[in-house]
Structure formats: structure tokens, C-alpha cells
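See structure below.
Residue numbers (the numbering used here): 1052 to 1134.
And the structure:
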């Protein structure tokens, strides 16, 4: 995927993760994009390492995996801020 597609994908995923798992320290649109891209990377690594899932392209399984990775990052961020 090119950078524009990753940015759009990151925005969609970051916004979806913030809706599913709201976070009080939102970083605006840039934070949502960064969260989405990082979530896609984390979700993709977990899916490929533990489940043997090939994650590539802009499709529904990639979207679900990326949202899961973003929610995981939101959860970890919230947990680490408490300690």
C-alpha cells in the first residue's frame, strides 16, 4: 500500500478504535492516524506470528485486525498511565 492509503486506513482504524474504546487523551486527527497505523502494525504482527494470518491489502480481515491492534494499544496506554 502507498502512504496515502495507509494514512486513510489509519484514520479509519484510529477513529473506529476511539469510538469502540474511548480515550480521554485524544490526539485529534493526527493522533487517530498514528494510532490506526500503529494498531495495524501491532495487529498484523500478532496475527502473523500467533495465528499464521497473512495480513495485506485493504480488506475486511485487515481492518478487523488493525482495529484490534489499535484497541490493544489504547488499553495498554490507559493501563500504563495509571501506574
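Note that beta-carbon positions come from the ideal geometry of N, C-alpha and C, so glycine has one too.
Contact under 8 Å by Cβ, residue i with residue j
i            : j            : result
residue 1091 : residue 1128 : no
residue 1118 : residue 1083 : no
residue 1116 : residue 1072 : no
Residue i, enclosing alpha helix (DSSP H) - first and last residue
i            : result
residue 1092 : 1079-1102
residue 1115 : 1111-1133
Spatially closest choice to residue i from the options, by CA coordinates
i            : options                   : result
residue 1063 : 1073, 1088, 1104 and 1078 : 1088
Buried or exposed (CB count within 10 angstroms, at least 16 for buried), residue i
i            : result
residue 1079 : exposed
residue 1126 : exposed
residue 1108 : exposed
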